[in-house]
Structures are given as C-alpha cells and as structure tokens.
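In our numbering, the protein residues as written are 222 to 465. Virtual Cβ for every residue (Gly too), placed ideally from N, Cα, C. Beneath this line is the structure, given in structure tokens, with notes to follow.
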Ligand code: DX5
Ligand code: ZN
C-alpha cells in the first residue's frame with residue numbers, strides 16, 4: 222500500500238493551475254489519431270481549442286483502458302494550451318502527482334470512487350493544479366454541497382464514462398442549470414464542464430444551461446479536418462456568447 226499523499230496544514234490551498242477563459246472548447250484526444258497526434262493537436266488548436274481534455278481509464282472504475290502520464294507528456298510537448306486530465310480511475314491519489322509532473326494543469330477525480338474528497342482536492346491544489354470533481358450521469362449534484370466552495374470546476378458527465386462516441390444524455394442539461402444556480406447562490410467560483418456526446422447539435426444548449434468548458438471528442442476528431450470541425454464548434458460558442 223502506498224503511503225498517503227503529503228498534506229500541508231493550515232488554510233485550504235488557493236486555486237492553482239491554468240483555467241481557461243470560458244466558454245472554452247476542450248477537444249478530447251481520446252478520439253484523435255494517435256499515429257499523428259501532434260498534427261491532430263495543432264489542427265484542433267488552430268480551430269479554436271482553448272485546452273485539451275485527456276481521458277485516463279483504468280479498466281476498473283470504467284471498463285476500458287486508455288492513456289497514462291507518457292501520453293500527457295507527449296501532448297504537453299505538442300501544445301502550450303492547458304491540459305485537462307480526467308481521471309476515471311480508482312485510487313487517483315496514487316497518480317495525481319505524476320500527472321501534474323507530466324503536464325496536467327487541471328485534474329478531475331470521480332466522486333463515486335474517492336472516499337476522502339476534501340483531502341484529494343487539497344492534494345491536487347498542493348501539487349499545483351486546478352481541481353475538479355466529476356459526476357456520473359446518475360450521481361446527484363447534492364453530493365458536492367460541502368466541497369463546492371473548494372472546487373475550480375465540476376465535470377458533469379453527459380454519457381456513462383468509459384468510451385468516446387456515445388450519445389449525449391439530455392437530462393444532464395437540467396443538472397447543469399441546477400448546479401449553475403447553486404454555484405451562484407453560494408458565490409462559488411467553480412466552472413462547469415460538460416463531457417460526453419457534445420457536438421454541434423447540443424453544444425449551445427449546454428452552454429446556455431450554464432456550462433463553461435465543453436468537451437468534444439468525436440465531434441472534433443472522428444472524421445476528416447479536425448481544424449474545421451473545431452472551428453465550427455468554437456464559432457457556435459462565440460455566437461451564443463455574443464447573443465447571450
Ligand atoms: C468518456 C470520456 C469523454 C470522451 C468524450 O468516458 O470521459 O471525455 O472522450 O468523447 P465524445 O465527445 O466522443 O463523447
Ligand atoms: Zn472525459
């Protein structure tokens with residue numbers, strides 16, 4: 222058993238990391254062609270990506286395996302944009318420091334597998350990253366009530382985690398709106414990130430419900446011309462913001 226992460230005593234850690242200005246398009250590289258990852262990243266960046274989303278899966282919490290710190294390092298070499306690492310893994314405390322060393326600027330952990338959320342969030346901050354908590358579609362936002370003031374962002378899954386290319390679950394939109402309302406009521410700073418099945422048909426709805434970070438995997442990379450596809454999504458966000 223690994224020793225517990227070192228904790229600093231005293232006041233909660235200040236928010237760290239590099240949160241993007243919102244609204245922000247976050248292409249998920251899970252759907253990218255890893256044979257030409259550098260080109261894929263450059264294209265999405267030219268198309269208007271504001272950060273990159275990296276999905277880490279362990280085959281336990283979710284029934285799939287994906288990437289680890291070496292891929293985060295490779296993406297970090299390919300872009301100056303912030304890296305948003307979504308840990309879909311059990312016992313994330315064991316790996317947080319390594320992901321920050323690899324280049325993670327934002328780190329989210331799943332509430333469903335972290336028994337000591339407050340400690341984990343402080344540890345992410347102490348490592349120098351922005352801290353987020355991710356919720357599965359069936360997990361109510363009420364579980365965040367006590368930790369919300371400490372968070373830099375909340376990741377609301379709009380598919381069941383584990384795979385790219387799934388269909389957006391529309392019920393998440395009311396969850397986004399309710400969380401946005403609660404964040405404003407208590408004067409918290411957390412941004413809301415929506416992840417899964419986001420594309421041209423729902424990205425504006427997610428933004429208007431209150432999301433600030435919009436993750437899109439297959440809508441950017443699953444096809445030709447990720448630059449044009451990212452550009453179209455970024456334009457929808459910019460257009461909605463101008464109208465709003
Ligand atoms: C799903 C991942 C998502 C996924 C999004 O478990 O957390 O980030 O990569 O991909 P799309 O946009 O294809 O649903
Ligand atoms: Zn994700």
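Check                                                                                                                                                             : Outcome
At the level of alpha carbons, what is the spacing between residue 320 and residue 271?                                                                           : 20 Å
Any heavy atom of ligand 1 within a distance shorter than 6 Å of the CB on residue 361?                                                                           : no
Ignoring anything shorter than 3 residues or poking outside the region 319-391, list the beta strand (DSSP E) runs there in chain order.                          : 327-331, 351-356 and 374-378
What do you reckon, are the CB atoms on residue 276 and residue 251 nearer than 7 Å?                                                                              : yes
Quick one: what's got a C-beta closer than 6 Å to residue 416's C-beta in the same chain, skipping five residues either side?                                     : 376, 378 and 436
Take the Cβ of residue 371 as the centre, count every other Cβ of all protein chains shown within 10 Å, and call the residue buried at 16 or more, exposed below. : buried
Measuring alpha carbon to alpha carbon, tell me which residue in 403, 442 and 345 is nearest residue 307.                                                         : 345
Please check the pair residue 432 and residue 397, which I expect to be a contact at CB under 8 Å, by giving their CB distance rounded to whole angstroms.        : 5 Å
Taking the Cβ atom as the reference point for each residue, do residue 428 and residue 244 lie within a distance shorter than 7 Å?                                : yes
Quick check: does the Cβ of residue 276 come within less than 6 Å of any heavy atom belonging to ligand 2?                                                        : yes
Tell me which residues share the same chain as residue 387 and place their Cβ nearer than 8 Å to its Cβ, disregarding the 5 neighbours each side in the sequence. : 380, 381, 417 and 418
Buried or exposed: which applies to residue 229, given that a residue is buried once 16 or more other Cβ atoms fall within 10 Å of its Cβ?                        : Caution applies to residue 229, whose pLDDT of 42 falls short of 50 and renders its modelled position unreliable; the model cannot decide the point.
I need the DSSP call for residue 466, collapsed to helix, strand or coil.                                                                                         : Outside the displayed span of the chain (222 to 465) sits residue 466, for which this structure offers no information.
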